[in-house]
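full-length UniProt numbering puts the first residue of the sequence shown at 1, with every later residue one more than the last. Beta carbons: idealized from backbone N, C-alpha and C, even for Gly. Treat the numbers as computed from the prediction; the structure is a model and nothing was measured. Everything on this sheet refers to the single structure shown next.
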Amino acid sequence: MKDLFSDNSSLYQQARPSYSAEIIEQIMLHVAENALAWDCGAGSGQFTGWLAPYFQQVLATDLSAAQLAQAPKLENVIYQAASAEESGLDDHSVDLVTVAQAIHWFDFDAFYAEVKRVLKPQGCLAVIGYGLIEASDLRLDQLIQHLYKVTLKGYWDAERRYVDECYQSIPFPFEEQSVPALQLKYSWTGQQLLDYFQTWSGLKHYVQLTGLNPLAEMAEFLQQQPQQCYEVQFPVLLRIGQ
């Protein structure tokens, strides 16, 4: 499992999308008991907070202690630095395992072996993610597409393709449940958009290798109307297995 997000963890926590009630409600339709959930690759707790009201206890793990330090402090949540392949949980002790926007970095075989070890017989795995941001403003959407597909081409880690393929190409050795199409929708300022793009791993690689600012054209466009909010959305990637 790679750790690409320890640097500037506070920006990641602030700028990344949250999730939604619709996502957790869909997942909970398939959960038999609510004693313990394991949120793996929890980062700064974007999805952990959605789990906490539904479970007696939540274990949130991540390779990055710096990321976990940014997560919300919740009474029934334990944060622990651990790999996806070695949770430290007891055999058949977990009702739900979740992975939000992280599974594409995992060693699939090793992680799934750990999931099958810790899940109860009626336990459930939910893999959650979101695809490329889309904007209703045509010019902004063109700039996003150009940034992602042209400027940063060749700077993304190979694992990013699993997101581009909507998680449909990841192995998924579980009895899969049907889920509806969902989206995350936001109204973001130009600064929120720029902060979000700064968290992209491909953008970080580009800056490190070239020393150039790939957001210059985007920033120039957004600064024309600094108070404007832009309607954006992310397609939700959701696979649920038992």
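CB-CB length for residue i against residue j, believed under 8 Å
i: Gln177; j: Gly129; result: With a Cβ gap of about 16 Å, Gln177 and Gly129 do not count as contacting.
i: Gly45; j: Pro72; result: 5 Å
i: Val58; j: Val94; result: No, Val58 and Val94 are not in contact; Cβ-Cβ is about 10 Å, not under 8 Å.
i: Gln26; j: Val179; result: 6 Å
i: Val127; j: Tyr167; result: 6 Å
i: Gln233; j: Leu184; result: 6 Å
i: Leu194; j: Val236; result: Not quite, the Cβ-Cβ distance comes to about 23 Å (not below 8 Å), so this is no contact.
i: Gln208; j: Ala15; result: In fact, because the Cβ distance is near 19 Å, the residues do not count as touching under 8 Å.
Per DSSP, the bridge partner or partners of residue i
i: Glu134; result: Gln233
i: Ser44; result: Answer by DSSP bridge pairing: none, since Ser44 is not bridged.
i: Cys124; result: Leu96
i: Asp62; result: Ala81
i: Ser187; result: Glu231
i: Asp39; result: Ala60 and Thr98
i: Leu119; result: Val94
Local Cβ density within 10 Å of residue i, reported as buried at 16 or more and exposed below that
i: Ser136; result: exposed
i: Leu222; result: buried
i: Pro214; result: buried
i: Tyr19; result: buried
i: Asp90; result: exposed
i: Ser9; result: Note that Ser9 scores a pLDDT of 46, beneath 50, so its modelled location is shaky and nothing firm can be said.
i: Gly190; result: buried
i: Arg139; result: exposed
i: Cys40; result: buried
i: Leu187; result: Here residue 187 is Ser; the residue named in the question, Leu, does not match the sequence. By the neighbour-count rule (16 or more Cβ atoms within 10 Å), Ser187 is not buried but exposed.
i: Asp62; result: buried
i: Ala84; result: buried
i: Ala21; result: exposed
i: Gln228; result: exposed
i: Tyr196; result: buried
i: Asp7; result: Note on Asp7: pLDDT 49, under 50, position unreliable in the model; the coordinate value appears next. Flag for Asp7 reads exposed.
i: Glu86; result: exposed
For residue i, the nearest candidate out of the options (CA to CA)
i: Ala82; options: Leu194, Gln67, Leu74 and Val163; result: Gln67
i: Ala35; options: Cys124, Leu63 and Pro17; result: Cys124
i: Gly88; options: Phe106, Val163, Ala60 and Leu74; result: Ala60
i: Ile170; options: Tyr230, Leu132, Asp109 and Gln225; result: Asp109
i: Lys120; options: Leu238, Glu217 and Ala37; result: Ala37
i: Gln23; options: Leu147, Asp107 and Tyr54; result: The residue you asked about is not Gln; residue 23 is Ile in the sequence shown. Residue Tyr54 is the option with its Cα nearest to Ile23.
i: Ala32; options: Gln122, Ala113 and Tyr112; result: Gln122
i: Val97; options: Leu74, Met28, Ala216 and Arg16; result: Met28
i: Gln142; options: Glu217, Trp50 and Gln225; result: Glu217
i: Ala219; options: Phe111, Gln192 and Ala113; result: Gln192
i: Leu74; options: Glu86, Trp50 and Glu231; result: Trp50
i: Glu175; options: Ala65, Ser64 and Arg239; result: Arg239
Does the structure place the segment 156 to 167 close enough to the segment 70 to 86 that three or more beta carbon pairs sit under 8 Å? Taking a cut-off of 8 Å for Cβ pairs, the segment 70 to 86 and the segment 156 to 167 do not touch, as fewer than three such pairs fall below it.
Are the segment 195 to 213 and the segment 136 to 154 touching, with three or more C-beta to C-beta distances below 8 Å? yes
Counting Cβ pairs, one atom from each stretch, are 3 or more of them under 8 Å apart for the segment 46 to 53 and the segment 96 to 104? yes
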